[in-house]
Every structure is written in C-alpha cells, then in structure tokens.
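First comes the structure, then the notes that go with it.
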Amino acid sequence: MLATECYKCCGTGHFKMFAHIEGGRCFQCRGTGKSAYRPKGLAPAAAVPARFQSADLRERILSGDLFAMPFAELHACKGLAAADDSLWATWNQRGGERAFEQAAR
Ligand SMILES: [Zn+2]
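All residue numbers for the sequence shown refer to the working numbering, where the first residue is 1088 and numbers rise by one.
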C-alpha cells in the first residue's frame, strides 16, 4: 500500500458541500488528504473474504485502515468485533461503524 492523495477529496481532506457533517471532513482519509491505494495488479482484499482468518480480521480491526477497506472486509470485521466486547469497543473507537456505513452506501 502506498500513501497518496486521497481520491475522494483530491487531497484537501474536506468537502465544502458536507460542511454540516463533521465539518465537512473527508471520511475516506479522515481529513488528512492522504489515502492508501492498492497498486494495480494486486488482488483487492474483497476478492478473498472467504479465506479471512479471524486472527487476520482481528489485526485489521486493531490497526488496519478501516476507511480504506472494501465493504466485504468491513462486514467480516464487524461480524468478528460484534462477538467480542473489547474488540467491539475498539471497533467503535476506531470509527468502524462509520466506515461500515460509508462503505455500505
Ligand atoms: Zn479525503
């Protein structure tokens, strides 16, 4: 994964039209203007959700970029988090629900 300009806000970190929602902060990059993208040629994570191991998902919940995750991955993470109180707290703390809702749109 390489850091680059956020493709949603073009590196500004904000949307004027969404100023009424969290000050217009870009959800994709969390207002940083930077995002991570997967170089072409690598399989998107969404292509292999069935093979996700719970240890891998747990790691993603703890330190992964939830806002850059495809929906299938977030869905799997949410399922794992919901089964564990402390993991669920971490999931919410890291904005998992927002990332999930955003990806579901
Ligand atoms: Zn952005």
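We put the beta carbon where it would ideally sit given N, CA and C, even for glycine.
What you are looking at is a predicted structure, and each value in this text was computed from that prediction instead of being measured.
query, result
"What is the DSSP secondary structure of Thr-1099, reduced to helix, strand or coil?", "coil"
"Could you tell me the distance, in whole angstroms, from the CA atom of Met-1088 to the CA atom of Ala-1159?", "Because the pLDDT at Met-1088 is just 49, under 50, the model does not fix this residue reliably, and the value given afterwards should be weighed accordingly. Those two C-alpha atoms are separated by around 18 angstroms."
"When you compare the CB positions of Leu-1167 and Leu-1149, do they come within less than 7 angstroms of one another, or not?", "no"
"Assign Met-1088 to one of three DSSP states: helix, strand, or coil.", "Bear in mind that the predicted position of Met-1088 carries a pLDDT of just 49, short of 50, making it unreliable; the figure below should be weighed with that in mind. Note: Met-1088 maps to coil in three-state DSSP."
"Who are the near neighbours of Ala-1190 in its chain, counting only those whose CB is closer than 6 angstroms to its CB and skipping five residues on each side?", "Phe-1158 and Leu-1161"
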